[in-house]
Every structure is written in structure tokens, then in C-alpha cells.
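Q:
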Amino acid sequence: MAVRIDGKALAAKVKSQVAEEAAKLPRKPGLAVVLVGEDPASQVYVAGKERDCAECGIESFGHRLSAETTEPELLDLIRRLNGDPRVDGILVQLPLPKHLSEETVINAISPDKDVDCFHPFNVGRMVIGDPVFLPCTPAGVMEMLDEYEIPIRGKRCVVLGRSNIVGKPMAALLTQRDGTVTICHSRTEDMAQYAREADILVSAVGRMGLVTADMVKEGAVVVDVAMNRDGDGRLCGDADFAAVEPKASYITPVPGGVGPMTRAMLMRNILTAAALHQA
Ligand code: NAP
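The sequence shown begins at 858 in our numbering and counts up by one.
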């Protein structure tokens, strides 16, 4: 039976370290949180991030904009936040309403305030192995693997999903740590054959029940990034947890796995930005 990786406990540890370090800085770190529109899920995520900030001694500056906000208006706000010395990090909650280009908006954020690590400058630095910030979700996964002393060097790692915010950076970080990495996606033929070879299997697709027990090698580490809702509205990952858990050596539960770590790593990135700005 697999060891359950306790993302909630590790996230609490990371956040308390951040709070301790933040208290030593001459000025409180600051995060600007920009939410455009009234998407209920986004509102919940933003509220959670603001709570995390309060817990970590980070000041948050909320900017709730109407769904009708134009791109020039949003870009103007970002320019002001780029120049605001109280703001160390800028977080624009995605997805944005359809009439706004996420790419244009992300590119407008000053790279030294890009605490989500979505800006091409920071993505490039991550890929060449000289990062300022790491993208929160993959960084949270790496932190979990390290906390549980799970070896990566020389191991076969299979990442399901190739999005810019999870799958691709996850593969880059595992590669940097000497994993041998395969990425699978919607066009992969016979994904199960790759998954079965994995010592470390990371699933970031967003399809409930995608990872079945027959896709998991005996003793593999299974990291489930996905956040799906089952028929009863309960949060669940991609893996058929009950069937996969007995085969795996380690597994992340959903909820209580990668989700809390993503939030904790955001706090760490804000601290990093604040330390840079106050150096
Ligand atoms: P995304 O942008 O929708 O990407 C999904 C990826 O899965 C794409 O690369 C897609 O392939 C691939 N895919 C879709 N169907 C597939 C299939 N049947 N077989 C194999 N691959 C398939 O999603 P995302 O933003 O990366 O998020 C992925 C999941 O993680 C979601 O459930 C999301 O809610 C969750 N998430 C969780 C956290 C957290 O903190 N826990 C953070 C971010 C995201 P193509 O590229 O070919 O389309």
C-alpha cells in the first residue's frame, strides 16, 4: 500500500518558513491580485491566495475588475503595478474573459514580479536551469518528491499533459534533476504503454479515471496534479485512487496533495521577489 504524500502538512511547513523569512524583511512583501470578471471558481482561488498571504505576513492588494474591462485598461493597471514599490508580485487570475489576450497580459507583467512564472523570460530561465522563480505547481511537486526523499536521478518519469503551466515545466524540472522524461498528450498513441514504464508518473490532464491500475507499475510513485469534480461534486484527480494506491509506493491524494503545495510555492515566490526588491 502506497505512502500518501501529505501535501497539506508540507504546505503548512513551507508557509511557516515563508512567514518566518518575510518577518525579517524591512518591508512587508506585497502581492497584487487581479481578478477580471466574476467566475465563481476564480473567486474561490483568489480568496484562498489572499488568506495564504495573510498567514505568511504578505500584504495583498486586491483589484477586482468588471468582466467588461478592456485590454488597454487591464494593461494600464499592470503598468502601474509594475511601478508600485509596495508590490513585489503580480498575479492575474486565469482564465481571463475571452476578449482579453492572456499572452499579452502575461507578457506585460514585469518579469521580476511574475510570481506565477508564466512570463517567457522566466520560463526560459527555468529551462536553461537558471531560474528566478519556478512555476508553482511543478515546483510544489518537486518539493514533495524531495521531502519524501524520492530519487529522481536516472528514473523513468512520465508526465501526462503538456500545458505551459504544468506539463511542460514539470518535464523540464524533472529533466534538470536527471530524470529520463517522456511527455504524453492527447495525440499520444497508446499512452498506457508509456505510463506503465514510469518510476514516477505525473498526471496533469484533467480527466477523472484516466489513470487506471493497469497503467501503473508496481512500486511507482504517482503524482496526481489534476482537479476534477466527480458526479457528486467532490474533488478528485486523474487517478482511480482506490485501485492505484495499493500498487504505488507513494501517491498524492486529491484533495490534500498537489493543490495546497501550489499555493505554498506561490508564497515562496513572493518572498523571493520581495527579497530581490529589498536587497
Ligand atoms: P490543460 O491546459 O487543459 O492541459 C491538459 C493536457 O492534457 C493537454 O496537454 C492535453 O493534450 C492533455 N490531454 C487531454 N486529454 C488527454 C488524454 N485523453 N490523454 C492524454 N493527454 C490528454 O490543463 P492544465 O492547466 O495543465 O491542468 C491539468 C489538470 O491539472 C487540470 O485538472 C487542472 O485543474 C489541474 N491543475 C491543478 C493544479 C493544482 O494546483 N493542483 C494546478 C494547475 C492545474 P493536448 O496538449 O494534446 O491538448
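From the three backbone atoms N, C-alpha and C, an ideal C-beta is built for every residue, glycine too.
1. Which runs of the alpha helix (DSSP H), 4 residues or longer, sit entirely within the stretch 1011-1099?
2. Using a Cβ-Cβ cutoff of less than 7 Å, which residues in the same chain neighbour proline 995 once the five nearest sequence positions on both sides are dropped?
3. With a threshold of 16 other CB atoms inside 10 Å of the CB of asparagine 1126, please say whether the residue is buried or exposed.
4. Along the chain, which unbroken stretches of the beta strand (DSSP E) at least 3 residues long are found entirely within the stretch 929-960?
5. Cβ of cysteine 1041 versus every heavy atom of the ligand NAP: is any distance shorter than 7 Å?
6. Residues in its own chain within less than 6 Å of leucine 938 by CB, not counting five upstream and five downstream?
7. Which residues does DSSP list as the beta-bridge partners of tyrosine 1107?
8. Name the residue from Gly1088, Glu1054, Gly1094, Val1078 whose alpha carbon lies nearest to the alpha carbon of arginine 1064.
9. Suppose contacts are defined by Cβ-Cβ distances below 8 Å. Is aspartate 1056 in contact with valine 1038 by that definition?
10. Tell whether a beta-carbon distance below 8 Å holds between proline 952 and cysteine 974.
11. Between glutamate 1054 and valine 1015, how many whole angstroms is the CB-CB distance? I'm expecting something under 8 Å.
12. Give me the Cα-Cα distance between serine 1060 and histidine 976, rounded to the nearest whole angstrom.
13. What's the call for glycine 1068, buried or exposed, on a 16-neighbour Cβ count within 10 Å?
14. Taking a contact to mean a Cβ-Cβ separation below 8 Å, would you say glycine 997 touches methionine 1122 in this structure?
15. Return helix, strand or coil for glycine 986, following the three-state DSSP convention.
16. Following the continuous alpha helix (DSSP H) through alanine 889, name the residue where it begins and the one where it ends.
17. Going by DSSP, what residue range makes up the beta strand (DSSP E) through arginine 921?
A: With the given structure in hand:
1. If only complete runs of 4 or more residues are kept, the stretch 1011-1099 shows the alpha helix (DSSP H) at 1024-1033, 1048-1052, in order along the chain.
2. If we look at proline 995 and ignore the five residues flanking it on each side, its Cβ neighbours are Val1023, Pro1026, Met1027, Leu1030.
3. With 16 or more Cβ atoms within 10 Å of its Cβ, asparagine 1126 is classed as buried.
4. DSSP runs (the beta strand (DSSP E)) wholly in the stretch 929-960: 946-949.
5. Inclusion of cysteine 1041 in the 7 Å shell around the ligand NAP follows from its C-beta lying nearer than that to a non-hydrogen atom of the ligand.
6. Cβ neighbours of leucine 938 beyond the five flanking positions: Ala889, Val944, Ile947.
7. Note: tyrosine 1107 sits in a beta bridge opposite Val860, Val1078.
8. Of the listed residues, the one whose Cα sits closest to arginine 1064 is Gly1094.
9. Inclusion of aspartate 1056 and valine 1038 in the CB contact set at 8 Å is not warranted, their separation being larger than that value.
10. No, they are not a contact pair.
11. The Cβ separation is near 7 Å, so the contact holds.
12. Going from the Cα of serine 1060 to the Cα of histidine 976 covers about 24 Å.
13. Note that residue 1068 corresponds to valine in the displayed sequence, not to glycine. By the neighbour-count rule (16 or more Cβ atoms within 10 Å), valine 1068 is buried.
14. A contact, by the Cβ cut-off of 8 Å.
15. It is coil, neither helix nor strand.
16. It is not in any alpha helix (DSSP H) - alanine 889 instead sits in the beta strand (DSSP E) that spans 887-893.
17. Looking at the DSSP string, the run of the beta strand (DSSP E) that includes arginine 921 is 916-922.
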